[in-house]
Amino acid sequence: MKATTALSLLAGVACSPAVLAAVTINIAKNPAINRSSQQQRHLQQRATITESLANNYTGGSYVASVQVGTPPQTQTLVIDTGSSDVWLLSSDADLCSDPSEQDSAGGGCSTTFDQTKSSSFKVVSQGSFEIQYQDNSGASGDYVSDNFKIGDITIKALEMGLANLTTIPSGLMGIGYDTNEAAKRIYPNIIDDLATQGLITKKAYSLFLNDLDASTGSIIFGGIDTQKFHGSLVTVPIIPDETQDGTEVFAEFNVALTGLTVTFSSSNSTDVAGPAYSETVILDSGTSITYLPDELAAEVFEHIGAFDDTERSGNVYVDCGMLSQFPDMTFNFSFGSAHVSVPIYELVFDLTGIFTAFPPDDIGISNPCAFGIQGALGGPNLFGDTFLRSAYVVYDLDDNQIGIAQTNFGSSKSNIVEFEADASSIPALTGVAASAQAKPTQTVPFGGSVSSATPSTTAVVGAGGGDGGDGTGSGSGGSGIGSGSGSGSGSTPASGSGSTGSPNAGMATVPPMGWSGLMVFGISLSCAVLGGGWFLA
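Just so we're aligned: the sequence shown equals residues -21 to -1, 1 to 516 in mature numbering (1 follows the signal peptide of the UniProt record, and there is no 0).
In structure tokens:
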């Protein structure tokens, strides 16, 4: 999630042969949080500490269960690579204690922290914590410090925010660059403290969200899991931001998008980006969907028959039948020599959860589903979870690099390569060989389960143009089923047009970590709408 008061970026991970330990938090797709017993982390040898995390279907975020204070109080925090502050909800926060606030917000808080019950709690700066996100949600309160426990790894006196005013029902664990903090001063954040307290030796980590139907995923601080991706891990540079005085600073995970093709079948692929394309995009796990540059989004919508209704219902609509009509359809993104293909079944959703809406009658689609890509409407181009689930991403904040590979969906094996403390780049690693993936043909709520696909040879879905009804598109070489007016040809998608959408989510930032230790965190996938916008960790 992008904080409007600070910058945020993604960075890649570096490797080391010797680490003290590994901490693992799994992503668990359950309506309620499940916490496994925590295993002790031994600094003298490699070890893995695993913690289960829940998928909050309606929350819109990946969450971790941590413990704060002395004695420890369990907190459920959204993992946010798009911001850099850890902050908690105070037990007396307005949204957490006022029934009228809860009625207005449609619910209360997840977990809260009672500072009066912690002997290690200290106030660092009273009234100075204030953060606001791209979707206009926010929180304010004090900057405080306390012990922060992830598994059995304890960060001493971590500085964080404690919110007593909030429009957000969950605290956050921001893990971005410290240059992206909400504070007026830069202070050591969780990534800095992990390194300086000797828990890791390099500011780097890798992110594995797994597929939409998966029950587990992980973040590894200090290492890379070669079982979690296919092919080669390719390194690309992070593009620095520029301040008002022209100074370059690394604060957000900007990378250059250099190409996008839409593949309907092995013999039908369309280059929607065109030659010599290059646009800066932000890899943001704090955003639930993906926001393309507006012109590129319009090209995509035209080629797949999507109807952009973001200004009314907040969704881009496609025909649900795409899953069965085009089970092999992929959206292929290029970042220089790095390539990631996103299958259609990761992008089509029922109109439930964060996509709940009543589509207008004029969209020209009789069986509408939500599409997980929208236009940025002139805002930041955010590549959120609908893209990141298909990408294994390594973030190296020390060397300002990102490693990208194709996700190995459903991987249950692990082979963690640790980062070298003095490494100056992400290691050139190779993952597992590619294998066939199941292709669901049924749409599901965000984070829900799907059935196996049954390939179909039905007609091509043509593109809808504005407010036309269902009909046949006319064009070169044949006919296609179109939603609205457009042109189509046999195996060639019809063309049409639509307006671009508007984003409500934030940018992602993931800091690299040093290697005194390896920390693996599982994260729980959930989809949340905060302040009317997409909110993801």
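Ideal placement from N, C-alpha and C gives every residue a C-beta, glycine not left out.
Within a 10 Å sphere around the beta-carbon of residue 346 sit fewer than 16 other beta-carbons, which makes this residue exposed.
When the alpha-carbon of residue 355 is set against those of 304, 270, 288, the nearest one is in 270.
Here residue 191 is near residue 368, since their CB atoms are less than 8 angstroms apart. In the structure shown, residue 175 adopts helical secondary structure according to DSSP, grouped into three states. In this structure, the beta-carbon distance from residue 150 to residue 60 does not fall below 8 angstroms.
When the five nearest sequence neighbours on each side are left out, the beta carbons in the same chain lying within less than 6 angstroms of the beta carbon of residue 166 are those of 138, in order along the chain. Each residue's CA atom was taken as its position, placing residue 275 and residue 313 some 14 angstroms apart. Note: residue 134 is bridge-paired with 127 in the DSSP secondary-structure output. Note that the segment 223 to 232 does not touch the segment 197 to 213; fewer than 3 beta-carbon pairs, one per stretch, sit closer than 8 angstroms. Residue 139 has 123 as its beta-bridge partners, per DSSP.
If you keep only unbroken alpha helix (DSSP H) runs of at least 4 residues inside the segment 252 to 296, you get 273 to 283. Residue 73 and residue 266 have their alpha carbons spaced roughly 25 angstroms apart. The beta carbon of residue 252 sits closer than 7 angstroms to those of 238, 239, 275, all from its chain and outside the five residues before and after it, given in chain order. At the C-beta level, residue 374 and residue 183 come within 8 angstroms of one another. The C-alpha of residue 399 is placed about 41 angstroms away from the C-alpha of residue 350. Judged by beta-carbon spacing, residue 48 lies beyond the 8 angstroms limit of residue 212, meaning their Cβ atoms are not closer than that value.
Residue nearest to residue 216 within the set 67, 308, 366, 232 is 232 (criterion: CA-CA distance). Here the alpha carbon of residue 133 sits roughly 25 angstroms from the alpha carbon of residue 110.
Our two residues, residue 140 and residue 180, have alpha carbons roughly 25 angstroms apart in a direct line. Here residue 299 carries a coil assignment [DSSP, helix/strand/coil]. Within a 10 Å sphere around the beta-carbon of residue 102 sit fewer than 16 other beta-carbons, which makes this residue exposed. Proximity to residue 130 across 43, 116, 90 peaks at 43, based on C-alpha coordinates. Taking C-beta atoms under 8 angstroms as the contact rule, residue 100 and residue 70 fail to qualify, at a distance of about 12 angstroms. Between residue 391 and the set 197, 382, 295, the nearest pair of CA atoms involves 197. In this structure, residue 89 and residue 55 form a Cβ contact; the two beta carbons are roughly 5 angstroms apart against a cut-off of 8 angstroms. The beta carbon of residue 87 sits closer than 8 angstroms to those of 74, 75, 81, 148, all from its chain and outside the five residues before and after it, given in chain order. Cα atoms of residue 152 and residue 68: separation of roughly 12 angstroms, rounded to the nearest angstrom.
According to the DSSP secondary-structure assignment, residue 94 is paired through a beta bridge with no residue. A direct Cα-Cα distance of roughly 12 angstroms separates residue 273 from residue 281.
With fewer than 16 other Cβ atoms from the protein chains shown falling within 10 Å of its own Cβ, residue 95 counts as exposed. Less than 8 angstroms separates the beta-carbon of residue 214 from that of residue 380. Every unbroken stretch of the beta strand (DSSP E) spanning 3 or more residues and falling wholly within the segment 292 to 376 is given here in chain order: 294 to 298, 309 to 314, 317 to 322, 347 to 350, 352 to 354, 370 to 375. Annotation: the continuous beta strand (DSSP E) that includes residue 212 extends over 208 to 216.
Cβ atoms of residue 388 and residue 260 stay farther apart than 8 angstroms, at about 22 angstroms.
The C-beta distance from residue 62 to residue 159 rounds to 6 angstroms, short enough to fall under 8 angstroms. Going by beta carbons, residue 262 and residue 228 fall outside the 8 angstroms limit.
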